[in-house]
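S.K.: Below is one structure. I have some questions about it.
There are 2 protein chains.
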Amino acid sequence: MSINYAILGLLSYKSMSGYDLKKIIQDSEFMPWSGNNNQIYKALTELHRQGLVTNEVLFQESSPTKKIYTITKEGLAALKEWILSPVENSEIKKPFLVHLAFAGQLDRNELNDLIDRYERQVEIQLLMSQNYKQNTDFLSGSTELEKTVWSFIKANIRRTYEMELNWIKDLRNAVANIQKY
Amino acid sequence: MSINYAILGLLSYKSMSGYDLKKIIQDSEFMPWSGNNNQIYKALTELHRQGLVTNEVLFQESSPTKKIYTITKEGLAALKEWILSPVENSEIKKPFLVHLAFAGQLDRNELNDLIDRYERQVEIQLLMSQNYKQNTDFLSGSTELEKTVWSFIKANIRRTYEMELNWIKDLRNAVANIQKY
DNA sequence: TGTCTCATGTAAGGGGTTACATGATTCC
DNA sequence: GGAATCATGTAACCCCTTACATGAGACA
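Chains as they are written, first to last, in the numbering used here: chain A, 1 to 181; chain B, 1001 to 1181.
Spelled out as structure tokens, the structure:
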């Protein structure tokens, strides 16, 4: 899954600059790219070379010149083809599970502390994902279908954190009920 | 989070060769490394250089010579320090969510098909994670604490897939109830 | 005065991936 | 005869990350 298709997808909603794309991708929780300059500007150069986007240079007073990118009909076709192509498997990295796997090295207090710290970490992530007022309202605003899928994307993230919090509580109880250490 | 600590952790359970470590890491669902040769053998060379492991060369008839790695007391100290160090945030990459974000490009049938295919994909992943008889029984076998944490690691993965399947069902219902496309 | 935002781009380095290399034994 | 397992290692490549570079205006 290349960032190029995510960029095409965002441009299918609205024409915008590399800088705008960068902010959206960086702030998004479900797009798995950091959105650093190198990625964005290299991707846009490549998409332009392939004729999937065009750009219009916009001179501004009191701000740097920017390039507004617009998706072409070839770009829309490539986007649709990609959306329907096989979906890569999810990748889930939870460093906590690796720490936990070797909890045999810890005493009771140290393990409880590790679990407590992880719980607070996940609570913070859940709060941030809920409080986050996206500057991407235009992305979820147009049709009823689009509103639905974007709300479900948010719900997917929220449920992931909620599941994790429930699991942590069960883990803590199970650990507390162990007699011998 | 470096693979080096995962290797130290595995060696804290049992001394073994790079080849053994490779198989365990490749087969494990929660250790986020592919476990290719380059990673494993480079990590072992580095751990050896740092004095965190020692190795013993073992000549065999009818099999290649192998090196059995054993964790040192410095290695155990480094491992424990790492387990108690701050846990990195989880990273969750779900390419399906990116496809879904641009579902506005699809008609009803195409979207339903996309959802159905993802559901089957997750069902298969859930089945594989359940049916998987680990050759790492020795890892979960020693103390009650270790048995508990390893069963919770498995449960975490299982619950992740179950949550996803529930979410897919809700998504399908919500999409079906949309009148206008 | 220093930091933030806007705006685009480059350079260096680190980590990961696949593929190559060897060679005996076992299984189909 | 061909593939898989055991076993260790190297080489080339790609992607991603951080940091550098420029420069004006706004805000504290």
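Here a beta-carbon is modelled for each residue, glycine too, at the ideal position from N, C-alpha and C.
Just tell me which of A/N173, A/V53 and A/F152 has its CA closest to the CA of A/I115.
M.R.: Comparing Cα-Cα distances from A/I115 to each of A/N173, A/V53 and A/F152, the minimum goes to A/N173.
S.K.: Could you check the C-alpha separation between A/I24 and A/M16 for me, to the nearest Å?
M.R.: Each residue's alpha carbon lies about 11 Å from the other.
S.K.: Considering only residues of the same chain and omitting the five flanking positions on each side of B/A1103, which have a CB-CB separation below 6 Å?
M.R.: Correct list, in chain order: L1111.
S.K.: When you compare only the Cα positions, how much space is there between B/S1028 and A/E61?
M.R.: Cα-Cα distance, rounded: 56 Å.
S.K.: Can you check which of these residues, B/N1004, B/R1159 and B/D1107, is closest to B/L1079 by C-alpha distance?
M.R.: Of the listed residues, the one whose Cα sits closest to B/L1079 is B/N1004.
S.K.: Could you spell out the range, first to last residue, of the beta strand (DSSP E) harbouring B/L1106?
M.R.: Premise fails: B/L1106 is in no beta strand (DSSP E) and is neither H nor E.
S.K.: Just list the beta strand (DSSP E) runs in the stretch 1056 to 1106 of chain B, keeping only unbroken ones of 3 residues or longer that don't cross its boundaries, in chain order.
M.R.: The stretch 1056 to 1106 of chain B contains these whole beta strand (DSSP E) runs: 1066 to 1071 and 1091 to 1093.
S.K.: Quick check on B/N1156: buried or exposed, where buried means 16 or more other Cβ atoms within 10 Å of its Cβ?
M.R.: Under this definition B/N1156 is a buried residue.
S.K.: Determine, using beta-carbon pairs with one atom in the stretch 1151 to 1167 of chain B and one in the stretch 147 to 164 of chain A, whether at least three such pairs fall under 8 Å.
M.R.: Touching, per the Cβ criterion.
S.K.: In terms of DSSP beta bridges, what is A/M16 paired with?
M.R.: A/M16 is bridged to A/Y69.
S.K.: So, using beta-carbon positions, are B/G1075 and B/L1052 closer together than 8 Å?
M.R.: Yes, they are a contact pair.
S.K.: In the DSSP assignment, find the alpha helix (DSSP H) that holds B/N1037 and state where it starts and stops.
M.R.: Run containing B/N1037: N1037 to R1049, per the alpha helix (DSSP H) assignment.
S.K.: Mapping the DSSP letters down to three states, classify B/T1054 as helix, strand or coil.
M.R.: If DSSP states are grouped into helix, strand and coil, B/T1054 belongs with the strands.
S.K.: Use the C-beta contact count for A/M31: other C-beta atoms within 10 angstroms, 16 or more gives buried, fewer gives exposed.
M.R.: Flag for A/M31 reads buried.
S.K.: By the 10 Å Cβ neighbour count, where 16 or more other Cβ atoms means buried, how is B/Q1105 classified, buried or exposed?
M.R.: Flag for B/Q1105 reads buried.
S.K.: Taking only the alpha-carbon atoms, compute the straight-line gap between A/K22 and A/L47 and give it to the nearest angstrom.
M.R.: Taking the straight line from one Cα to the other gives about 15 Å.
S.K.: So, helix, strand or coil for B/N1156, using DSSP?
M.R.: B/N1156 falls in the helix class under three-state DSSP.
S.K.: Just the Cα atoms here: how many angstroms apart are A/Q130 and B/N1037?
M.R.: Rounded to the nearest angstrom, the two C-alpha atoms are 41 Å apart.
S.K.: Once DSSP output is grouped into helix, strand and coil, what is the label at A/N177?
M.R.: Reduced to three states, the DSSP call for A/N177 is coil.
S.K.: A/W167 to B/M1001, Cα distance in whole Å?
M.R.: Straight-line Cα distance between these residues: approximately 22 Å.
S.K.: Quick check on DSSP: helix, strand or coil for B/E1029?
M.R.: Looking at B/E1029 - three-state DSSP - the assignment turns out to be coil, as it is neither helix nor strand.
S.K.: Considering only their Cβ atoms, is the gap separating B/T1070 from B/L1011 smaller than 8 Å?
M.R.: The answer is yes: Cβ separation under 8 Å.
S.K.: Against chain B, with Cβ distances strictly below 8 Å, would A/R172 count as a contact?
M.R.: Answer no: the Cβ-Cβ gap between A/R172 and chain B never drops below 8 Å.
S.K.: Does any C-beta atom of chain B lie closer than 8 Å to the C-beta of A/T143?
M.R.: At least one chain B Cβ lies under 8 Å of A/T143.
S.K.: Indicate whether at least one CB of chain A lies closer than 8 Å to the CB of B/R1117.
M.R.: Yes, contact with chain A.
S.K.: Taking the CB atoms as reference points, tell me whether B/V1149 and A/A101 lie closer together than 8 Å.
M.R.: Yes, the Cβ-Cβ distance between B/V1149 and A/A101 is below 8 Å.
S.K.: I'd like to know whether the C-beta atoms of A/I68 and A/N55 end up nearer to each other than 8 Å.
M.R.: Yes; because the gap between Cβ atoms is below 8 Å, this pair is in contact.
S.K.: With a Cβ-Cβ cutoff of 8 Å, do A/L165 and A/V122 count as a contact?
M.R.: In contact: A/L165 and A/V122 (Cβ atoms closer than 8 Å).
S.K.: Using a C-beta cutoff of 8 Å, does A/L79 count as contacting chain B?
M.R.: Yes - at least one Cβ of chain B is within 8 Å of the one on A/L79.
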